[in-house]
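Colleague: What follows is a structure written as structure tokens; I'll ask about it next.
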Amino acid sequence: MKINLLFIMFFFFYLNVFGQNKNKKQISALRISEKIIIDGDLSELSWNKTNSAKNFKTNSPTMNENANQKTEVKILYDDNAIYFAAILYDTEPDKILKELSKRDSYNNTDLFTITLNTYNDGQNIFNFKVTASNVQLDIKNSANSNDVNWNVVWESEVKITNFAWIVEIKIPYSAIRFPAKKEQTWGVNFWRTIRRIREVSSWNFVDRAFSSGSQAGEIINLKNIKAPFRLELFPYLSANYLKKNKSDAFSYSGGLDLKYGISESFTLDMTLIPDFGQTASDNKILNLTPYETHYSENRQFFTEGTELFNKLGLFYSRRIGEKSSYIENNYHQNEIVKNPKETKLLNSTKQLQKTLILL
Numbered sequence: 009m010k011i012n013l014l015f016i017m018f019f020f021f022y023l024n025v026f027g028q029n030k031n032k033k034q035i036s037a038l039r040i041s042e043k044i045i046i047d048g049d050l051s052e053l054s055w056n057k058t059n060s061a062k063n064f065k066t067n068s069p070t071m072n073e074n075a076n077q078k079t080e081v082k083i084l085y086d087d088n089a090i091y092f093a094a095i096l097y098d099t100e101p102d103k104i105l106k107e108l109s110k111r112d113s114y115n116n117t118d119l120f121t122i123t124l125n126t127y128n129d130g131q132n133i134f135n136f137k138v139t140a141s142n143v144q145l146d147i148k149n150s151a152n153s154n155d156v157n158w159n160v161v162w163e164s165e166v167k168i169t170n171f172a173w174i175v176e177i178k179i180p181y182s183a184i185r186f187p188a189k190k191e192q193t194w195g196v197n198f199w200r201t202i203r204r205i206r207e208v209s210s211w212n213f214v215d216r217a218f219s220s221g222s223q224a225g226e227i228i229n230l231k232n233i234k235a236p237f238r239l240e241l242f243p244y245l246s247a248n249y250l251k252k253n254k255s256d257a258f259s260y261s262g263g264l265d266l267k268y269g270i271s272e273s274f275t276l277d278m279t280l281i282p283d284f285g286q287t288a289s290d291n292k293i294l295n296l297t298p299y300e301t302h303y304s305e306n307r308q309f310f311t312e313g314t315e316l317f318n319k320l321g322l323f324y325s326r327r328i329g330e331k332s333s334y335i336e337n338n339y340h341q342n343e344i345v346k347n348p349k350e351t352k353l354l355n356s357t358k359q360l361q362k363t364l365i366l367l
């Protein structure tokens, strides 16, 4: 009886998911040779030659109802990047909320979001968000985690008119990963947040009871695009001068970070004498327990690809290069040769691989 009940539950779950996949919307991307200037004007002729993603459905506070305001999204692409133009109509444009914030954060503002699933597997998703004040947010989602520290270089511009706010976006191929195929289909969804009425809507309807990644629409007609040569070098040089009473101390340091895309699945990260001085500092915590304080990881070398290592919390990267404990010679029986204030890393190497297995 229990086996039959489990079978029936699985059967209806499968029908539900299958029905969702069957109802995926599709939009065709138009290949262009015209240069697109990211200015929010949409003055290029190519924008008038392609079709639009429209008819958004609500996700919150209600579900599967027509969105309160009309939204249209268009897609172009060339040999170097993919372009998006969103016209977010508003019958009360003076009420569009556009509070300014720092990158990767938004408060009281309207928001437009693109979710790109380039392998169309419903798991590895790139999120590109733009507020009405043109603040950018980018997040990478995987099946097990959200990497909010993921940052790439892309362009956006916002223009507010008397009938809408317009977003124009350019995402270079160097910012994302995609398969090496002559013709590709990417998973995609577009989201709009109207803050003043607390409404969230999407192009392809998303049922909150299921994963949003598996309920995305699709971009079709992406042909003959190739991933660029991916080699990034980040050299650095730092110097420090400390004036003392008896003597002056001058110190310097240098190093190099390297990121090389071996293939669509392999990425090599190397760092030589890394400097994490630009990393956000930790808030001090008074810990009177026998256990160490758990701090979040903000160093870029350790944040990219964390979804591959954070299973059950077994890998805690903050222990690598942590500060040495303070050493005292209370009994004057030993000689302290060196008591460094920090642990200096000489070299780190990391190779990541993602493989899609179909059963």
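All letters in the sequence shown, in the order written, are residues 9 to 367 by this note's numbering. In this text, a Cβ means the ideal position worked out from N, Cα and C, and glycines have one as well.
Pull up the distance between the alpha-carbon of F21 and that of N212, whole angstroms please.
Modeller: Locating residue 21 in the sequence shown gives position 13, where the first residue counts as 1. Locating residue 212 in the sequence shown gives position 204, where the first residue counts as 1. Because F21 carries a pLDDT of 46, less than 50, the predicted location of this residue cannot be relied on, and no value is offered for it.
Colleague: I'd like to confirm the pairing. Which residues does DSSP put opposite Q77 in its beta bridges?
Modeller: Stepping through the sequence shown from its first residue, residue 77 is reached at position 69. Paired residues: none, contrary to the question.
Colleague: Report all residues from its chain with a CB closer than 8 Å to the CB of E42; omit the five preceding and five following residues, and keep chain order.
Modeller: Sequence index remark: in the sequence shown, residue 42 carries index 34 (1-based). Taken in chain order, the residues that qualify are E52, L53, S54.
Colleague: Contact between the segment 122-136 and the segment 231-249 is defined here as three or more beta-carbon pairs at a separation below 8 Å; is this criterion met?
Modeller: Flag = no, the segment 122-136 and the segment 231-249 do not touch.
Colleague: Going along the chain, which unbroken runs of the alpha helix (DSSP H) with 4 or more residues stay wholly within the segment 235-268?
Modeller: As far as the segment 235-268 is concerned, it has no whole alpha helix (DSSP H) run of at least 4 residues.
Colleague: Starting from S8 and walking both ways along the beta strand (DSSP E), at which residues does that stretch end?
Modeller: The chain is shown only over 9 to 367; residue 8 falls outside these bounds and no answer can be derived.
Colleague: Got a sec, what are the start and stop residues for the beta strand (DSSP E) Q192 sits in?
Modeller: The residue you call residue 192 lines up with position 184 of the sequence shown. 191-202 is the span of the beta strand (DSSP E), which, as asked, contains Q192.
Colleague: Give the straight-line distance between the Cα atoms of K10 and F218, rounded to the nearest whole angstrom.
Modeller: Residue mapping note: residue 10 aligns to position 2 of the sequence shown, counting from 1. Residue mapping note: residue 218 aligns to position 210 of the sequence shown, counting from 1. Reliability of the predicted coordinates at K10 is poor, the pLDDT of 49 falling under 50, and the value obtained from them is presented with this limitation in mind. The straight-line gap from Cα to Cα measures roughly 24 Å.
Colleague: Whose C-alpha, out of T297, Q34, P282, Y303, is nearest the C-alpha of N291?
Modeller: Residue numbering aside, residue 291 sits at position 283 when the sequence shown is read from its first letter. Closest option to N291, Cα to Cα, is Y303.
Colleague: Looking only at its own chain, which residues have a Cβ that is under 6 Å from the Cβ of Q192, when we skip the five neighbours before and after it?
Modeller: As a first step, residue 192 is located in the sequence shown; it is residue number 184 there, counting from the start. L230.
Colleague: The beta strand (DSSP E) spanning A37 covers which residue range?
Modeller: In the sequence shown, residue 37 corresponds to position 29, counting from 1. Run containing A37: none; DSSP gives neither H nor E here.
Colleague: Provide the residue span of the beta strand (DSSP E) that contains N229, from first to last.
Modeller: As a first step, residue 229 must be located in the sequence shown, where it is residue number 221. Looking at the DSSP string, the run of the beta strand (DSSP E) that includes N229 is 225-231.
Colleague: Any chance the segment 96-116 sits against the segment 179-189, with 3 or more Cβ pairs inside 8 Å?
Modeller: In short, these stretches do not touch, since the Cβ pair count stays below three.
Colleague: Do you know how far the Cα of I133 is from the Cα of K189?
Modeller: Within the sequence shown, numbered from 1, the residue matching residue 189 stands at position 181. Within the sequence shown, numbered from 1, the residue matching residue 133 stands at position 125. Distance between the alpha carbons of K189 and I133: 19 Å.
Colleague: Between which two residues does the beta strand (DSSP E) harbouring D277 extend?
Modeller: Locating residue 277 in the sequence shown gives position 269, counting from the first residue. Segment 274-280, the beta strand (DSSP E) holding D277.
Colleague: Which of helix, strand or coil does DSSP assign to S222?
Modeller: On the sequence shown, position 214 is the one that residue 222 refers to. Three-state DSSP puts S222 in a helix.
Colleague: Could you give the residue range of the beta strand (DSSP E) that holds A151?
Modeller: Here residue 151 refers to the residue found at position 143 when the sequence shown is read from its first residue. Looking at the DSSP string, A151 is not in any beta strand (DSSP E), and its letter there is neither H nor E.
Colleague: Helix, strand or coil for Y114 per DSSP?
Modeller: Sequence index remark: in the sequence shown, residue 114 carries index 106 (1-based). Y114: coil per DSSP, three-state reduction.
Colleague: Have a look at N59 and S271 and give me their C-alpha separation to the nearest angstrom.
Modeller: Residue mapping note: residue 59 aligns to position 51 of the sequence shown, counting from 1. Residue mapping note: residue 271 aligns to position 263 of the sequence shown, counting from 1. Going from the Cα of N59 to the Cα of S271 covers about 33 Å.
Colleague: In angstroms with no decimal places, state the Cα-to-Cα distance between N116 and G263.
Modeller: Counting from one through the sequence shown, the residue named residue 116 turns up at place 108. Counting from one through the sequence shown, the residue named residue 263 turns up at place 255. Going by the C-alpha atoms only, they are around 41 Å apart.
Colleague: Among the residues of its own chain, which have a CB less than 6 Å from the CB of A78, if the five just before and after it don't count?
Modeller: Within the sequence shown, numbered from 1, the residue matching residue 78 stands at position 70. Just to set this straight, residue 78 is Lys in the shown sequence, not Ala. Result list for K78: Y97, in chain order.
Colleague: Under the three-state reduction of DSSP, which class applies to S182: helix, strand or coil?
Modeller: Walking along the sequence shown from the start, residue 182 turns up at place 174. Helix at S182.
Colleague: Cutting at 6 Å between CB atoms, please list the residues of its own chain near L112, excluding the five before and the five after it.
Modeller: Your numbering for residue 112 matches position 104 in the sequence shown. The amino acid occupying residue 112 in the given sequence is Asp; Leu does not appear at that position. If we look at D112 and ignore the five residues flanking it on each side, its Cβ neighbours are L145.
Colleague: Buried or exposed, going by whether 16 or more other CB atoms sit within 10 Å of the CB of K352?
Modeller: Position 344 of the sequence shown, counted from the start, is the residue given in the question as residue 352. Label assigned to K352: exposed.
Colleague: Look up Y85 in the DSSP assignment and give the residues it is bridged to.
Modeller: The residue you call residue 85 lines up with position 77 of the sequence shown. Paired residue(s): R39, I90.
Colleague: Run through DSSP, which three-state label would D155 get?
Modeller: Reading the sequence shown from its first residue, position 147 is the one you call residue 155. It is a strand residue.
Colleague: Among N342, I95, E163, which has the Cα closest to the Cα of K63?
Modeller: As a first step, residue 63 is located in the sequence shown; it is residue number 55 there, counting from the start. This sequence places Asn at residue 63; Lys is not what is there. Checked all of N342, I95, E163; the closest Cα to N63 is I95.
Colleague: In this structure, does DSSP put N212 in helix, strand or coil?
Modeller: Numbered from its first residue, the sequence shown carries residue 212 at position 204. Here N212 sits in coil by DSSP.
Colleague: Going by alpha carbons, who is nearest to R204 out of A140, N31, M71?
Modeller: Translated into the one-based positions of the sequence shown, residue 204 becomes position 196. If we check each option's Cα against that of R204, A140 comes out closest.
Colleague: Thinking C-beta only, is E176 closer than 8 Å to G48?
Modeller: Indexing the sequence shown from 1 puts residue 48 at position 40. Indexing the sequence shown from 1 puts residue 176 at position 168. Their beta carbons are under 8 Å apart, which means G48 touches E176 by this criterion.
Colleague: What is the DSSP secondary structure of S68, counted as helix, strand or coil?
Modeller: Indexing the sequence shown from 1 puts residue 68 at position 60. In this structure, S68 counts as strand in the three-state DSSP scheme.
Colleague: Measuring alpha carbon to alpha carbon, tell me which residue in R206, N72, A89, E100 is nearest L38.
Modeller: Reading the sequence shown from its first residue, position 30 is the one you call residue 38. Of R206, N72, A89, E100, the residue nearest in Cα terms is A89.
Colleague: Around the C-beta of R206, are 16 or more other C-beta atoms found within 10 angstroms, so that it is buried, or is it exposed?
Modeller: Mapped onto the sequence shown, residue 206 falls at position 198. Flag for R206 reads exposed.
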